[in-house]
Structure formats: C-alpha cells, structure tokens
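Enquirer:
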Amino acid sequence: MQASATQGGYLLRIYDRWLSGLDDEDRAWSPAPDSKTAGWLLGHLVVTGDFGRRLCGLPPLVPKEWRATFSPGTVPSADPEAYPPMADLVRTFRAVYADLVAHAPQAAPEALAAPNPYEPARGAFPTAGSFVEYMLTGHLAYHLGQLSVWRSARASGEPRLRQT
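Numbering-wise (my numbering), the sequence shown opens with residue 1101 and increments by one.
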C-alpha cells in the first residue's frame, strides 16, 4: 500500500497545477458532446477517493448527497448549478486525497483484506486493499489525465487557464 500511496502523492503533486484558476464557469463546460466536465471529473474523484478512505476504515469527508451526482455510472451535467461550487470541489479533492495518501498505508490489514464491496470491479480487484491501490494509482491518473485534456481545450478560449 505504501508504494501506491507514494504514487498517488506524486500524481497529486504533478497535476495540482491543473486545479489553479478553475472557477464556477468551468464546472459544466464540455470540450465535445458527451465528454467529461471539470465539475464532474473533480466530483467523481472526490467521491471515489472518499470511498477508498472508507475502505481503509476512515470516516467520510464528503457530503453523502454528492454520491448521486458523481458515483460511477453517473453522467456529467450541462447545468453548472448541478455541481457544488468549484472552490468546494477543489478544496475537498485536495483534502480527501491528502488524507487517503497519508492514512491508507496504516489501514488495518483486516480492512484491506475484506472483499471489495464494489462488485463491478471485484474481478480485477478482489479485495478492498487492491481496490484502494487502484484508486490511488490507475483511477486517479486516468481522471487527472482527462482533466489535463479538458483544461487544454478550455484554455484555448480562456486565457486565465493558460499555464505559463
């Protein structure tokens, strides 16, 4: 678990710059039909990261109401009001993952050995621990990569989002 937490921490550091300058106008902007929005991407990572924390025996940090909007299988909304404020999404994202990276390596072995409660992923990740490792690495990297593509597309028309 320590190696996965280290990788997750690294991903968070290198992608953190993609979070700067995001505001409420960005929540529901989509670069193409049926693509992910920044609001959905951050919210989804927040909800799934918090699920990973709960698998490690930690109390939730995320409002339960966010699950209906951001859990696996949900789709992005074109309505910015469907999302929490961007500042809340960014702040909660940082808090959830800082906590998951810091505490996952100390999770109780019996919690990590439990069957993965998310049945659709149980074949690939049979235990809670293997699923948490995936959330800290592949899942996090995949969606942060989508956010970087989103930001590049958005920055073409929004100079405030261009990196220097």
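Built from N, CA and C at the ideal position, the CB exists for glycine as well.
Please read these numbers as outputs of a predicted model, since none were measured by experiment.
Can you tell me the Cα-Cα spacing of Leu-1111 and Ala-1241, whole angstroms?
Expert: Those two C-alpha atoms are separated by around 7 angstroms.
Enquirer: Can you check which of these residues, Thr-1169, Pro-1184 and Pro-1159, is closest to Asp-1199 by C-alpha distance?
Expert: Of the listed residues, the one whose Cα sits closest to Asp-1199 is Pro-1159.
Enquirer: Consult DSSP for Thr-1227 and reduce its assignment to one of helix, strand or coil.
Expert: Thr-1227: strand per DSSP, three-state reduction.
Enquirer: Which residues does DSSP pair with Pro-1215 in a beta bridge?
Expert: Note: Pro-1215 sits in a beta bridge opposite Thr-1227.
Enquirer: Can you check which of these residues, Pro-1176, Trp-1129, Leu-1244 and Ala-1221, is closest to Arg-1117 by C-alpha distance?
Expert: Residue Leu-1244 is the option with its Cα nearest to Arg-1117.
Enquirer: If you draw a straight line from the C-alpha of Glu-1210 to the C-alpha of Val-1146, how long is it?
Expert: For Glu-1210 and Val-1146, the distance between alpha carbons rounds to 24 angstroms.
Enquirer: I need the boundaries of the alpha helix (DSSP H) containing Ser-1171, first residue and last residue.
Expert: Neither: Ser-1171 is in no alpha helix (DSSP H) and is coded neither H nor E.
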